[in-house]
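Asks: In this note's numbering, the protein residues as written are 167 to 416.
Yeah, the Cβ is synthetic: ideal placement off N, Cα and C, and Gly gets one too.
#1: Bridge partners of residue 172, per DSSP?
#2: Roughly how many whole angstroms lie between the Cα atoms of residue 320 and residue 207?
#3: Please list, in chain order, all residues of the same chain as residue 325 whose beta carbon is under 6 Å from its beta carbon, the five residues on each side excluded.
#4: Who are the Cβ neighbours of residue 361 in its own chain at under 7 Å, not counting the five residues just before and after it?
#5: Could you give the distance in angstroms between the alpha-carbon of residue 223 and the alpha-carbon of residue 346?
#6: Is it the case that the Cβ atoms of residue 368 and residue 386 are separated by a distance below 8 Å?
#7: Mapping the DSSP letters down to three states, classify residue 212 as helix, strand or coil.
#8: If we count Cβ pairs, one from each stretch, closer than 8 Å, do we get three or more for the region 190-197 versus the region 280-291?
#9: What are the boundary residues of the beta strand (DSSP E) that residue 346 is part of?
#10: Assuming contact is defined by CB atoms lying nearer than 8 Å, are residue 365 and residue 297 in contact in what I supplied?
#11: Just to check my reading of the structure: residue 241 and residue 330 have Cβ atoms closer than 8 Å, yes? What is that Cβ distance to the nearest angstrom?
#12: What are the start and end residues of the alpha helix (DSSP H) that includes residue 200?
#13: Can you list the alpha helix (DSSP H) stretches of 4 or more residues lying completely in the region 368-416, in chain order?
#14: Inspect the beta-carbon positions of residue 239 and residue 336 and report whether they are closer than 8 Å.
#15: Buried or exposed, going by whether 16 or more other CB atoms sit within 10 Å of the CB of residue 201?
#16: Please name the residue or residues paired with residue 307 in a DSSP beta bridge.
#17: If you count every other CB in all the chains shown that lies within 10 Å of the CB of residue 399, and 16 or more means buried, which is it?
#18: May I ask you to report which of helix, strand or coil DSSP gives residue 330?
#19: Hey, residue 203 and residue 355 are a contact pair by Cβ (cut 8 Å); roughly how many whole angstroms apart?
#20: Taking the C-alpha atoms as reference points, what is the distance between residue 176 and residue 370?
#21: With residue 231 as the anchor, note down where its alpha helix (DSSP H) starts and where it stops.
#22: Quick check on residue 243: does DSSP put it in helix, strand or coil?
#23: What residue does the beta strand (DSSP E) around residue 363 start on, and which one ends it?
#24: Alpha carbon to alpha carbon, how far is residue 219 from residue 213?
#25: Can you tell me whether DSSP reads residue 180 as helix, strand or coil?
#26: Determine the direct distance from the alpha carbon of residue 225 to that of residue 260, and round the result to whole angstroms.
#27: Measuring only the C-alpha atoms, how far is residue 236 from residue 243?
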């Protein structure tokens, strides 16, 4: 069963060397009911409104399963000074699906698991890899309904926040980006609620496939035939059209 484990909003607005000059990427879980509006989670702060928030990027969802994989790349806590000791290789090489509780720890070496929210997510769920979720798939959590619009694309702000060399490339290579969603029905959520999958589209194009450099042409064509262009996130519309145009016989 898929479950909403945490709802996260900005913990602290931090200075950033990018164009906007500040970032709300550092998020933390909050207790109690949280309102989800049509364009963002209420109580969150979006600094870069060009690339975050809005209709197609209102909510960012990461799963425990995906975060556990991404965290194997870390050698430091995001936003903090570098770790004083080398991270043992076995702490970095954790198989897909390995839970945090089952990770082998080395005596005397601090637990480097970063806090929930470190990826900038609004919802942390369990019981699914977000890469297997389909574009357009709809979830109901409490009285909120969301529809997934695109994979998260790592940016320079994420790179600076994490502080890892070649982070954007390494994160992308893993293929566990999490997913962005639009809010179909605003309402209220809280940690611990079950997730109901209310619609899973027939086109079969997953978040993981949409994150690859090139989408599968057959699924991209079905995806384009399923939705009006105005209802597709613009980057996904462009990428799907490119995949179809590259296919033999296009």
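Replies: On the basis of the data shown:
#1: 290
#2: 20 Å
#3: 333, 334
#4: 168, 169, 170, 291, 305, 307
#5: Residue 223 and residue 346 have their C-alpha atoms spaced approximately 5 Å apart.
#6: no
#7: Residue 212: coil per DSSP, three-state reduction.
#8: Judged by pairs of C-beta atoms under 8 Å, the region 190-197 touches the region 280-291, as three or more such pairs exist.
#9: 345-351
#10: In this structure, residue 365 keeps its C-beta atom at 8 Å or more from the C-beta atom of residue 297.
#11: Confirmed, Cβ separation roughly 7 Å.
#12: Per DSSP, residue 200 belongs to no alpha helix (DSSP H); it is in the beta strand (DSSP E), 200-202.
#13: 373-377, 383-392, 400-412
#14: yes
#15: exposed
#16: 310
#17: So residue 399 counts as buried.
#18: In the three-state reduction of the DSSP assignment, residue 330 falls in the coil class, being assigned neither a helical nor a strand state.
#19: Incorrect: roughly 12 Å between the Cβ atoms, too far for contact.
#20: 33 Å
#21: 230-236
#22: For residue 243, the three-state secondary structure derived from DSSP is coil.
#23: 362-365
#24: 9 Å
#25: strand
#26: Confidence is the limiting factor: at residue 260 the pLDDT is only 32, short of 50, which leaves the residue's position unreliable and the question unanswerable from this model.
#27: 13 Å
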